[in-house]
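As numbered in our numbering, residues 6 to 121 make up the sequence shown, in order.
This report concerns only the one structure given below.
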Amino acid sequence: MPIALIRKQRCPGDDWFLQSTWLGGLPTLGNAAWPRGRNGQPLHHIARIDLKDIKSMLPDLLLPDAGSLSFFFSEVDNRSEGAALFSPPGENAKTSSPEDLLPAFEEGGHTFPGVQ
Numbered sequence: 006m007p008i009a010l011i012r013k014q015r016c017p018g019d020d021w022f023l024q025s026t027w028l029g030g031l032p033t034l035g036n037a038a039w040p041r042g043r044n045g046q047p048l049h050h051i052a053r054i055d056l057k058d059i060k061s062m063l064p065d066l067l068l069p070d071a072g073s074l075s076f077f078f079s080e081v082d083n084r085s086e087g088a089a090l091f092s093p094p095g096e097n098a099k100t101s102s103p104e105d106l107l108p109a110f111e112e113g114g115h116t117f118p119g120v121q
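Structural data, given as structure tokens:
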């Protein structure tokens, strides 16, 4: 069964730091290392999904009842690569991005402009 993520419009007064599922931003990896591609460059974080949110909508889905999945992506030489990492429940501190993470987008430019 497919799952669709829909970007919710930000409303004044909403505390977005209390959200459990989001697109972009920083992941919550706990002790896991930030994933890197075959070329050694860090992959870009694209989404963090709280499994509790998924299980509440699809209780028969074969996923853990708690914890989160963080999804990463990059494109190198027209080849896509990605990763998904599981974080156990309670690991909610945001993980800082690696210093060598290239920009994912430049205004007026191309997606992944620093990747050749």
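We put the CB at the ideal spot given by N, CA and C, even for glycine.
1. Is the beta carbon of residue 39 sitting closer than 9 Å to the one on residue 102?
2. For a test of the three-state rule: what should DSSP assign to residue 121, helix, strand or coil?
3. Does the separation of the CB atoms of residue 78 and residue 72 fall below 9 Å?
4. Take residue 89 as the anchor and find which of 109, 63, 108 and 48 has the nearest alpha-carbon.
5. Along the chain, where does the beta strand (DSSP E) that runs through residue 74 open and close?
6. What residue range is occupied by the uninterrupted alpha helix (DSSP H) comprising residue 61?
7. How big is the Cα-Cα spacing for residue 30 and residue 60?
8. Between the alpha carbons of residue 91 and residue 98, how many angstroms are there, rounded?
9. Please report the distance separating the alpha-carbon of residue 64 from that of residue 58.
10. Whose CA, out of 41, 35 and 16, lies closest to the CA of residue 106?
11. Report back the beta-carbon spacing between residue 104 and residue 33 to the nearest angstrom; my notes put them in contact at under 8 Å.
According to the data block:
1. yes
2. Legend: pLDDT at residue 121 = 46, less than 50; position of this residue unreliable, value from coordinates given subsequently. Residue 121: coil per DSSP, three-state reduction.
3. no
4. 48
5. 73-81
6. 56-62
7. 23 Å
8. 14 Å
9. 10 Å
10. 41
11. About 19 Å; that fails the 8 Å criterion.
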